[in-house]
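Heads up: the sequence shown begins at 1 in full-length UniProt numbering, then just goes up one per residue.
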Amino acid sequence: MNSRPTMVSFSLLALLPVALLWAVVVQAGATTFPATVEVDLIFPRNDTYAPSALFPIVFAFQNAALAPSLDPGFDLTLWAVSGLNTTGYSPALDLAATNFSGSDPTYVYTYVTHLNAADDGTAASYRLAWDFSAGNCSDQGGGALKFGGGFRNNSIEFTIQSGAQAPDLVAATASAAASCSNISHFAFNLTDTLNVALPAQYDSRNTCAVFSDVQPLVAGNPCAVQVGTATASSISAALTATACAAVSPVVSCPSTNAAPGGQDTGYTVVLGGIVAAFVAMHHL
1 MNSRPTMVSF SLLALLPVAL LWAVVVQAGA TTFPATVEVD LIFPRNDTYA PSALFPIVFA
61 FQNAALAPSL DPGFDLTLWA VSGLNTTGYS PALDLAATNF SGSDPTYVYT YVTHLNAADD
121 GTAASYRLAW DFSAGNCSDQ GGGALKFGGG FRNNSIEFTI QSGAQAPDLV AATASAAASC
181 SNISHFAFNL TDTLNVALPA QYDSRNTCAV FSDVQPLVAG NPCAVQVGTA TASSISAALT
241 ATACAAVSPV VSCPSTNAAP GGQDTGYTVV LGGIVAAFVA MHHL
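Written as structure tokens, this is what we have:
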């Protein structure tokens, strides 16, 4: 008659390590604050490049899992700063559908076309201005949140010249490629995240970031992002696929963009903008 209570006690003891293990797993997955979310301009850099049919513009998010809490957004402008005929470009980069929950860093990118040297063959200078919006929130009590933030501005200049190096993400992000202090970036100092009661009012974001009142921006570590060959190839393939989906592609395109056997190619093609195509986000 005593065997049944004994068996029940043994079962409870057997489950105890599982419960403790689950508690450890939950704790390990929790975010420790303060935390830094960083966005880096991976390409181009302050350098000289050869003309190319598709000139990439690539950003990387570090600590990307927390990036949605910033409700991030880009406003890009690219124009020629030399010569009498100033040409303006408006590359589109929309983060609404970006999946930031994959591997870290998360890369987002677009491209511009017809970026050439000057008509006489000499070097042409270009300026890329990128405005980055990042939201900040605070608890007003009673479950009410106050949202703030706005755009922060940054820009770089680069040169297009015949005979120069072709755009190369691997070379641009090599450890000795540039001084970290010269890499265009922003790094945000988060002290917490708060739950958003009505995500539809916050671009469907479920949480919002709380910036440090004392030091909302920190130095960051843009040299931590080094693009490998596989990642560079994937980004190039995605850009090419987007260009080939246009009515009049500016590059040579294969007969089909589908992967063999109907497999997913790993990127999404979305068109947008007038002179540049918007590439749906791809991360590795």
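In this text, a Cβ means the ideal position worked out from N, Cα and C, and glycines have one as well.
Just so it is clear, the structure is predicted and the values come from calculations on it, not from any experiment.
Distance, residue j Cα to residue i Cα
i           : j           : result
residue 253 : residue 239 : 11 angstroms
residue 151 : residue 75  : 9 angstroms
residue 160 : residue 204 : 40 angstroms
residue 92  : residue 207 : 25 angstroms
residue 73  : residue 61  : 12 angstroms
residue 50  : residue 82  : 16 angstroms
residue 121 : residue 101 : 45 angstroms
residue 119 : residue 164 : 16 angstroms
residue 80  : residue 33  : 42 angstroms
residue 246 : residue 189 : 40 angstroms
residue 216 : residue 248 : 45 angstroms
residue 131 : residue 113 : 21 angstroms
residue 30  : residue 66  : 12 angstroms
residue 234 : residue 90  : 24 angstroms
residue 88  : residue 94  : 19 angstroms
residue 244 : residue 182 : 34 angstroms
residue 140 : residue 237 : 47 angstroms
residue 99  : residue 255 : 29 angstroms
Which listed residue (the options) has its alpha carbon closest to that of residue i
i           : options            : result
residue 197 : 174, 221, 241, 137 : 137
residue 167 : 43, 33, 36         : 43
residue 231 : 119, 218, 202, 107 : 107
residue 69  : 165, 135, 148      : 135
residue 111 : 148, 56, 143, 132  : 56
residue 96  : 235, 59, 71, 218   : 71
residue 145 : 236, 66, 199, 217  : 199
residue 126 : 30, 116, 217       : 116
residue 45  : 113, 235, 129, 88  : 129
residue 143 : 58, 90, 242, 194   : 194
residue 162 : 140, 88, 123       : 123
Supposed contact pair residue j and residue i - C-beta distance, whole angstroms, cut 8 angstroms
i           : j           : result
residue 192 : residue 210 : 4 angstroms
residue 54  : residue 251 : 6 angstroms
residue 133 : residue 149 : 7 angstroms
Nonlocal neighbours in the same chain, by C-beta distance under 7 angstroms from residue i, ignoring five residues either side
i           : result
residue 229 : 170
residue 184 : 41, 154, 156
residue 313 : In the structure displayed, the chain extends from 1 to 284; residue 313 sits before or after that span and is not available.
residue 47  : 158
residue 212 : 34, 189, 191
residue 58  : 42, 43, 107, 109, 169, 235
residue 218 : 36, 187, 189
Reduced DSSP category for residue i - H, G, I as helix; E, B as strand; rest coil
i           : result
residue 58  : strand
residue 39  : strand
residue 239 : helix
residue 209 : strand
residue 170 : helix
residue 92  : coil
residue 140 : strand
residue 155 : strand
residue 181 : helix
residue 125 : strand
residue 198 : coil
residue 32  : coil
Residues of its chain near residue i, where Cβ-Cβ distance is below 6 angstroms and the 5 sequence neighbours each way are ignored
i           : result
residue 180 : 222, 223
residue 220 : 38, 185, 187
residue 52  : 167
residue 104 : 64
Close-in-space but distant-in-sequence residues of the same chain around residue i (CB under 8 angstroms, 5 per side omitted)
i           : result
residue 202 : 71, 135, 147, 196, 208
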